[in-house]
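Student:
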Amino acid sequence: MTEEHQSIVDDTPIHVLDLPQIYTRPSASILLQTLARLAIKPSSWTAGAEFDRGSEDDVAPIDEHGIPQYLTSIISNELLWIEDEDDRERVWEAASARLSERSGRTAQSNLSRTFLIPRPLPSTSPIHITLLEPSLTGDNLGHKTWLSAYLLARRLPSLLPTLFPINPPLHILELGAGTGLLGLTVAALLPQAAVHLTDLPAIIPNLVQNTHVNGHLFASAPSVGVLDWSESASTNKQHDLILASDPLYSPQHPAWLVGTISRQLSTKRDAKVVMELPLRDAYLGEVHEMRHRMLGAGLRLLDSGEEVGREDWGDSHGVERGEVRCWWGVWGWA
């Protein structure tokens, strides 16, 4: 490695002035190496990893002050001293990617990240679930993996044996599966179960893709299909377990959610509903309404709790995540 960018691999924090400056006309190779060092990997909420950077042997922290402006200066420069047009394109693309990583989740393009889910026995290796997340739009928030799905997925290995001690073949339904983390986790944990993941039509193609990507984890692959909560025509009271995470984000959702649960949950005494949702101030009314409607549907709360996690939504610099308080609950027939 040249002396010109030795500071890039130093253990001390990297300041923007330590980076190869555009006025010095650094080569495409040096710029691409620098931009690779500035890469921010998508978080998967692994313990102790607030934000992942670069390769595993890259330990130098980054002083983010001035980095967005540095990246913008590369994107806006014609880079005429780099003779190869393809090299210039690669530099611009890399700089644009680094900038989008610092501009919040909605600014990012498609990404892939892997989540580690513990198995029931501590001595066994965790389940690695890889999820593809298309770029977000306001209408397709199901393309993001939300914190409540991750927290509940990590709870399932210890929770499921208490709900179904004899481990019978189960019919399991996930409502609003999104990227599929919750349903894919339960399918990996319960090889005898028939797991069906559902969401709106726009979410289904990516959900199918994530099921295929993780196909090696399943004895029997989960099925995927459309289920619109606002439509009451579909009734299938065969599901022993219904899962839902972060299901309330409009005033109509409490009624739709509980109505769907009532039409889909088996009438067996041991049938259960397990859900987790964030306690956002804007939707506390919907949470209270959902609980009231669940009781009105003949269900009772068997177990519940609260936990705090960190959402990975990110601020304008993409490096800070706020704490989110989440509530989880287990429901059964009264």
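Just add 44 to the spot in the sequence shown (first one is 1) and you have this note's numbering. From the three backbone atoms N, C-alpha and C, an ideal C-beta is built for every residue, glycine too.
1. Would you mind working out which of H187, H283, S289 and D290 sits nearest R307, comparing C-alpha positions?
2. Is L82 near I106, with beta carbons less than 8 Å apart?
3. Is H44 helix, strand or coil when you go by DSSP?
4. Residues in its own chain within less than 7 Å of T311 by CB, not counting five upstream and five downstream?
5. Can the beta-carbon of V135 be found closer than 8 Å to that of A72?
6. Which partner residues does M319 have in the DSSP bridge list?
7. Using C-beta distances below 6 Å, list every residue in its chain close to L75, excluding the 5 sequence neighbours before and after it, in chain order.
8. Leaving aside the five residues before and after G215 along the sequence, list all residues of the same chain whose C-beta is less than 7 Å from its C-beta, in chain order.
9. Three or more C-beta pairs closer than 8 Å, one from the region 206-220 and one from the region 163-179: is that the case here?
10. Where does H336 fall in DSSP's three states?
11. Considering only residues of the same chain and omitting the five flanking positions on each side of L217, which have a CB-CB separation below 6 Å?
12. Report the residue from G224, E355 and Y67 whose alpha carbon sits nearest the alpha carbon of N258.
13. Should Q113 be listed as close to the ligand MG, given that the test is whether its C-beta is under 7 Å from any heavy atom?
14. Does DSSP put I210 in a helix, a strand or coil?
15. Any idea which residues DSSP pairs A238 with across the strands?
16. Determine whether the beta carbon atoms of L321 and P291 lie at a separation below 8 Å.
17. Which residues in the same chain as Y327 place their Cβ atom closer than 6 Å to its Cβ, once the five residues preceding and following it in sequence are excluded?
18. Would you tell me roughly how many angstroms separate the C-alpha atoms of A138 and G269, rounded to the nearest one?
19. Going by other Cβ atoms of all chains shown within 10 Å of its Cβ, with 16 needed for buried, is Y67 buried or exposed?
20. So, are the CB atoms of P162 and P201 less than 8 Å apart?
21. Given that a residue counts as buried once 16 or more other Cβ atoms are within 10 Å of its Cβ, and exposed if not, what is V230?
22. What did DSSP end up calling H283 once you bin it into helix, strand or coil?
23. Please report the Cβ distance between E355 and L234, rounded to the nearest whole angstrom; I am assuming they are in contact, meaning their Cβ atoms lie under 8 Å.
24. Can you tell me whether A221 is buried or exposed? The criterion is at least 16 other CB atoms within 10 Å of its CB, across all chains shown.
25. Between L346 and V374, which are expected to be in contact by the criterion C-beta below 8 Å, what is the C-beta distance as a whole number of angstroms?
26. Along the alpha helix (DSSP H) that carries G227, what are the first and last residues, could you check?
27. Count the other C-beta atoms from every protein chain shown that fall within 10 angstroms of the C-beta of L79, then say buried if there are 16 or more, exposed otherwise.
28. Applying the criterion that 16 or more other CB atoms from any shown protein chain within 10 Å of the CB defines a buried residue, is L124 buried or exposed?
29. In terms of residues, what are the limits of the beta strand (DSSP E) holding V352?
30. Going by other Cβ atoms of all chains shown within 10 Å of its Cβ, with 16 needed for buried, is G110 buried or exposed?
31. Alpha carbon to alpha carbon, what distance is there between W377 and A141?
32. Determine the burial state of A232: buried for a count of at least 16 other Cβ atoms within 10 Å of its Cβ, exposed for fewer.
33. In three-state DSSP terms, what is L155?
Tutor: Straight from the coordinates:
1. H283
2. yes
3. For the chain, the structure presents residues 45 to 378; residue 44 sits outside this window and is missing.
4. K281
5. yes
6. A288 and G373
7. V135
8. Checking the displayed sequence, the identity of residue 215 turns out to be His instead of Gly. Within the same chain, H215 has close Cβ partners A238, Q282, H283 and D284.
9. no
10. helix
11. H240, H283, I286 and Q308
12. G224
13. This structure lacks the ligand MG, and indeed carries no ligand of any kind.
14. coil
15. H215
16. yes
17. L292
18. 37 Å
19. exposed
20. yes
21. buried
22. strand
23. That pair is no contact at about 28 Å.
24. buried
25. 5 Å
26. L225 to L233
27. buried
28. exposed
29. L343 to R354
30. exposed
31. 50 Å
32. buried
33. strand
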